[in-house]
Amino acid sequence: MLYGGIELGGTKIICGYGDDECLLIDKTSIPTTRPEETLSKVKAYFLKNRVSSLGVASFGPIDLNQRSETYGYIITTPKPFWENTDVLSCFRDLDIPLGFDTDVNGACLGEVKYGAGRGLSNVIYGTIGTGIGFGVYLNDQLLHGLSHPETGHMLIQKHETDKEFHGPCPYHDNCLETLASGPSIEKRYGRKAQDLYENEKVWELESYYLAQAMVNCIAMYSPQKIILGGGVMHYQKLLELTRMKTKEYLNGYIKKEEILNHIDDYIVLPELQDDAGIIGAIELGKINM
Ligand code: ADP
Ligand code: ZN
């Protein structure tokens, strides 16, 4: 039996499938252009590769309320052409169980089932890339709510040297995403994050912001582990600085071994690496079988 998944991102869409033996047998990448064009290519992939369940992990905001008329839609994205796109309907005539969740909830589920969060009931997965988002798995299920968590837009404190900076989020001047995403690093320094490794100030500031987010996540959700993925986290030093500052800002308040003595095992990189998203998407379909 094959299980399919779609990781719907703002620049590319990954389609793939696995079976009971192998999590990911095949995956293919399709550029995200206009919805009709892109989704028809995705559909063609699953007409060729017939699967028994299909999970969709999508950028958003999306409608996750199964009783809503727009369930399965991408709602209010700034991405041109994609506002109010009915994603899930395209796949209903495949007549198989479908799953639908945010891209980060999908990746979080992937890591919980098969990666760094295995065996845990409370896990946060964050991506620090073009955008910033956190998937939240609490008490053995993915967290939804009024809509879904938008943890990337938590407000944080600007560094005193960064007060004049205005980042790319059109809604907030001091949300995490606007201060710490890949594009915000590029906007601030005029070069891409991967070309700034030698500039220590970049990573001091970046970790100042990420550590605030870590403290907020720990304070609010009490996760057993935090997994940080996305392009910007490819710089190993950033992870180390973020762990160190998280401990510093918590200031001994949470007296747990995991934080006080084992923070290297508490804030970690994804074990599924760049496949967390697609493997998680596949899992989103599987859990509805
Ligand atoms: P997306 O979020 O679009 O799915 P990524 O997670 O790769 O894609 O995030 C892209 C961002 O990550 C870009 O802003 C890019 O500059 C940054 N990035 C990519 N690779 C690296 C790297 N090796 N080190 C630091 N930053 C990186
Ligand atoms: Zn914002």
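To convert, count from 1 in the sequence shown and add 1; that's my numbering. Don't be surprised by glycine CBs; every beta carbon is placed ideally from N, CA and C.
{"Query": "For the alpha helix (DSSP H) that phenylalanine 47 lies in, which residues bound it at each end?", "Result": "36-49"}
{"Query": "From the DSSP output, which residues share a beta bridge with glycine 1?", "Result": "Outside the displayed range of the chain (2 to 290) lies residue 1, so it cannot be described from this structure."}
{"Query": "If you pair each beta-carbon of the region 207-220 with each one of the region 122-139, do three or more pairs fall below 8 Å?", "Result": "yes"}
{"Query": "Is any non-hydrogen atom of ligand 1 found closer than 8 Å to the C-beta of serine 182, if you look at the structure I gave you?", "Result": "yes"}
{"Query": "Report yes if the CB atom of isoleucine 97 is closer than 9 Å to the CB atom of serine 59, and no otherwise.", "Result": "no"}
{"Query": "Is the Cβ-Cβ distance between leucine 239 and leucine 211 less than 9 Å?", "Result": "yes"}
{"Query": "Output yes or no for whether 9 Å exceeds the beta carbon distance between methionine 234 and leucine 270.", "Result": "yes"}
{"Query": "Relative to the C-alpha of lysine 49, which candidate in Leu3, Ser90, Asn175 has its C-alpha closest?", "Result": "Leu3"}
{"Query": "At a cut-off of 8 Å, is histidine 235 close to ligand 1 when judged by its beta-carbon and the heavy atoms of the ligand?", "Result": "yes"}
{"Query": "I need the straight-line Cα distance from glycine 111 to glutamate 178, nearest angstrom please.", "Result": "23 Å"}
{"Query": "What are the residues that DSSP puts in a beta bridge with glycine 127?", "Result": "Phe135, Leu229"}
{"Query": "Which whole runs of the alpha helix (DSSP H) in the region 139-209 are 4 residues long or more, in chain order?", "Result": "177-181, 183-190"}
{"Query": "Is tyrosine 172 a contact residue of ligand 2, with contact defined as CB to any heavy atom under 8 Å?", "Result": "yes"}
{"Query": "Within the continuous beta strand (DSSP E) that includes aspartate 102, where are the two ends?", "Result": "99-103"}
{"Query": "Quick check: alanine 108 and glycine 281, are their CB atoms within less than 9 Å of each other?", "Result": "yes"}
{"Query": "Mind checking which residues open and close the alpha helix (DSSP H) that includes alanine 277?", "Result": "277-287"}
{"Query": "Where does phenylalanine 82 land, buried or exposed, given buried means 16+ other C-beta within 10 angstroms?", "Result": "exposed"}
{"Query": "Run through the DSSP bridge pairs and tell me what isoleucine 268 is partnered with.", "Result": "Ile227"}
{"Query": "Any heavy atom of ligand 3 closer than 8 Å to the CB of cysteine 218?", "Result": "The ligand content of the structure shown is limited to ligand 1 and ligand 2, which means ligand 3 is not among them."}
{"Query": "Roughly how many angstroms lie between the CA atoms of histidine 149 and glycine 132, to the nearest whole one?", "Result": "16 Å"}
{"Query": "Can you look up isoleucine 75 in the DSSP assignment and give me helix, strand or coil?", "Result": "strand"}
{"Query": "I need the DSSP call for serine 59, collapsed to helix, strand or coil.", "Result": "strand"}
{"Query": "Count the other C-beta atoms from every protein chain shown that fall within 10 angstroms of the C-beta of leucine 1, then say buried if there are 16 or more, exposed otherwise.", "Result": "Outside the displayed span of the chain (2 to 290) sits residue 1, for which this structure offers no information."}
{"Query": "With a CB to CB cut of under 8 Å and the five nearest residues on each side skipped, what residues in its chain are close to phenylalanine 92?", "Result": "Lys44, Phe47, Leu55, Val57, Leu99"}
{"Query": "Nearest to serine 41 by alpha carbon, out of Asn175, Lys188, Ile14?", "Result": "Ile14"}
{"Query": "Using only the heavy atoms of ligand 1, determine whether one of them is closer than 8 Å to the beta carbon of glutamine 274.", "Result": "no"}
{"Query": "Around the Cβ of methionine 155, are there at least 16 other Cβ atoms within 10 angstroms (buried) or fewer (exposed)?", "Result": "buried"}
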